[in-house]
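Asker:
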């Protein structure tokens, strides 16, 4: 090979080596991008899986705590039994109750009825079960003040119910009101006498029974007449 041919071959290899090196660099860059994307995808999948497992655990806990037979079914049975009683029996049960006590309710919280009173079982997303709703679920923002619907005496403050933190007020006229899914920092205590419109607490996220309903934050409000739940719509309007 003469010098001219050698130089020509050398220049050709020199020129082509640039493209070879460029190709190798591109391969390395593409490989790095693929590995990074795969790692990000795996991390995202693991995070989603972890969140799904956590949510499933919470729902299973709520479902495990579900005791409709000892709570709602008993309440419905009491309601049926009470309806079967004669008017004389009902009058006797009402003896000693003052006729001067008002039954005019104030709204317990400002909001909208997300789920109404129903003695027939309805579907609940939170527990994937059917059960009655013996009260109102009032959709309202977290932290909204909750008021006593009427004058009365605080019968109990419960912090560990399936409906969350709960206050029950006895109105001394045969009626009681129940306020559930409150924030733990309630403003009243058992035995305390309160006036209509007094703040008893604020809306919280303490419920297990209805923690994942589509309507979100809410107050569960119920009315007891004697020992049976009745439609709150008989006493308040939204």
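Residue numbers (UniProt numbering): 1 to 238. We treat Cβ as the ideally placed atom computed from N, Cα and C, and that holds for glycine. Source: prediction; values computed, not measured.
#1: Let's test the definition: count the other Cβ atoms within 10 Å of the Cβ of residue 142 and tell me whether it reaches 16, buried, or not, exposed.
#2: Whether or not the region 170–184 and the region 221–230 are in contact is what I'm after, with contact meaning three or more pairs of Cβ atoms, one per stretch, closer than 8 Å; do they touch?
#3: When you compare only the Cα positions, how much space is there between residue 203 and residue 183?
#4: Do you know how far the Cα of residue 104 is from the Cα of residue 117?
#5: Applying the 10 Å Cβ sphere with the 16-neighbour rule, what's the burial state of residue 199?
#6: Rounding to the nearest angstrom, what Cα-Cα distance links residue 156 and residue 125 in this structure?
#7: Out of curiosity, what's the CA-to-CA distance linking residue 26 and residue 33?
#8: Given this structure, state the Cα-to-Cα distance separating residue 128 from residue 106, to the nearest angstrom.
#9: Pull up the DSSP beta-bridge partners for residue 136, would you.
#10: Out of curiosity, what's the CA-to-CA distance linking residue 194 and residue 151?
#11: In whole angstroms, what is the alpha-carbon distance linking residue 185 and residue 201?
#12: What's the gap between the Cα of residue 154 and the Cα of residue 131?
#13: Mapping DSSP to helix, strand and coil, what is residue 202?
#14: Can the beta-carbon of residue 218 be found less than 8 Å from the beta-carbon of residue 158?
#15: Can you tell me the Cα-Cα spacing of residue 282 and residue 207, whole angstroms?
Answerer: According to the structure shown:
#1: exposed
#2: yes
#3: 6 Å
#4: 19 Å
#5: exposed
#6: 29 Å
#7: 11 Å
#8: 33 Å
#9: 221
#10: 6 Å
#11: 7 Å
#12: 28 Å
#13: strand
#14: no
#15: The requested residue 282 does not occur in the structure, where the chain is confined to residues 1 to 238.
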